[in-house]
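Residue numbers (the numbering used here): 26 to 107.
Everything on this sheet refers to the single structure shown next.
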Amino acid sequence: MTRDPELPAAAPVDAHAYVEEPQRWLPWRDVVTNVVMVLVGGVLVWLAVDVAGLSLLVALVGSGVVVVAGRAVADKFIKESG
C-alpha cells in the first residue's frame, strides 16, 4: 500500500440516490389469489401422493404446472376486472 498524497479523495455520496422508496402493499386481489394458489397446490400434491399413489416428484411437477397455469388465468381475470 502506498501513501501517495496525489491519490484522489473519495467523493461524497448521496444515500437517497441509492435507497428505494417504500412500496405500497399489494392489491388484496393479488394477495387472495396467491394464498388460494398455494392452498390449491398443497391439496393437489396431497391428493396425488396420498390418494392416487403417485411419486412425490410427479406430484410436485404436476402441481407446479397447475399453479403456474392457474396464476396465468387469474392474472388475466384480474387485469380484465380492473
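From the three backbone atoms N, C-alpha and C, an ideal C-beta is built for every residue, glycine too.
Note that the structure is a prediction, hence the values are computed from the model and not measured.
Margin query: Can you look up A97 in the DSSP assignment and give me helix, strand or coil?
Written below: Position 72 of the sequence shown, counted from the start, is the residue given in the question as residue 97. It is helical.
Note to self: I'd like to know whether the C-beta atoms of V70 and S88 end up nearer to each other than 8 Å.
What the structure shows: The residue labelled residue 70 in the question sits at position 45 within the sequence shown. The residue labelled residue 88 in the question sits at position 63 within the sequence shown. Their beta carbons are under 8 Å apart, which means V70 touches S88 by this criterion.
Next item on the list: Run the CB neighbour count on G67, radius 10 Å, all protein chains shown included, and call it buried at 16 or more, exposed below.
Entry: Here the question's residue 67 lines up with position 42 in the sequence shown. With fewer than 16 other Cβ atoms within 10 Å, it is exposed.
Margin query: Determine whether the beta carbon atoms of L81 and V92 lie at a separation below 8 Å.
Written below: The residue given as residue 81 occupies position 56 in the sequence shown. The residue given as residue 92 occupies position 67 in the sequence shown. Not in contact: L81 and V92 (Cβ atoms no closer than 8 Å).
Margin query: Taking 6 Å as the limit between beta carbons, can you name the residues of its chain near I103, skipping five residues before and five after?
Written below: The sequence position of residue 103 within the sequence shown is 78, counting from 1. Excluding positions up to five away in sequence, the list reads R54.
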